[in-house]
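Enquirer: First the structure, which I've put down as structure tokens, then a few questions once you've had a look.
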Amino acid sequence: LSDKCQRLSAEHSLANEHESKLQGEVARLRGEAREREDVLRANQEEAEARSQELRMAKESEQNLGSQQAKAMQQIEYLERERTEEVSRLKEALAEAEQGAGKAAHARETMEHALEASLSAATRRADERGEEATG
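Following the numbering used here, the residues of the sequence shown are numbered contiguously, the last one being 142.
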């Protein structure tokens, strides 16, 4: 019984460590996602600013049409890239959060098993004590 309690306690500790690592990973991924979104947002703002400059240039100079088309392609490329990166980051975050949830569930399961085992051990010890004194 003592070995089982120790094993359950060790498993509980491992589950807690795993949960802590996963929570750290979730925090790291969230930080990375925020950083990447900031960079992508800055790129998008830069692309939008370039687009506006090209529209103004087109009004003043008709021969800048080819440069405007290139800038629009760049904007579309950056938008697709941003969309794809956000999707990848959301998937990674969801996986990390799911892993953290599983770890939390495993920790709770181990806690319940440990409590039940300790309760049973206490009950048996009490019964043996009563038999010895009775």
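Even glycine gets a Cβ: it sits at the ideal position worked out from N, Cα and C.
Under 8 Å, with one C-beta from each stretch per pair, do the stretch 109 to 127 and the stretch 19 to 31 reach the 3-pair mark?
Expert: The stretch 109 to 127 vs the stretch 19 to 31: in contact.
Enquirer: At the 9 Å Cβ level, is residue 109 part of the contact set with chain D, yes or no?
Expert: In the structure shown, chain D does not exist; there is a single protein chain.
Enquirer: Taking the beta carbon of residue 79 as the centre, do at least 16 other beta carbons fall within 10 Å, making it buried, or is it exposed?
Expert: In the sequence shown, the residue the question calls residue 79 occupies position 71. Residue 79 should be labelled buried.
Enquirer: Considering just the uninterrupted stretch of the alpha helix (DSSP H) at residue 9, what are its terminal residues?
Expert: Counted from its first residue, the sequence shown places residue 9 at position 1. Per DSSP, residue 9 belongs to no alpha helix (DSSP H) and is neither H nor E.
Enquirer: Can you round the beta-carbon distance between residue 221 and residue 41 to whole angstroms, since I take them to be within the 8 Å contact cut?
Expert: As displayed, the chain neither begins before 9 nor continues past 142, which places residue 221 out of reach and without an answer.
Enquirer: Identify which residue in 61, 11, 35 and 13 has its Cα closest to the Cα of residue 103.
Expert: As a first step, residue 103 is located in the sequence shown; it is residue number 95 there, counting from the start. Out of 61, 11, 35 and 13, 35 has the C-alpha closest to the C-alpha of residue 103.
Enquirer: Taking residue 135 as part of the alpha helix (DSSP H), name the residues at either end of that continuous run.
Expert: Residue mapping note: residue 135 aligns to position 127 of the sequence shown, counting from 1. Taken as a continuous stretch (DSSP letters only), the alpha helix (DSSP H) holding residue 135 covers 73 to 141.
Enquirer: Just how far apart, CA to CA, sit residue 89 and residue 69?
Expert: The sequence position of residue 89 within the sequence shown is 81, counting from 1. The sequence position of residue 69 within the sequence shown is 61, counting from 1. Straight-line Cα distance between these residues: approximately 31 Å.
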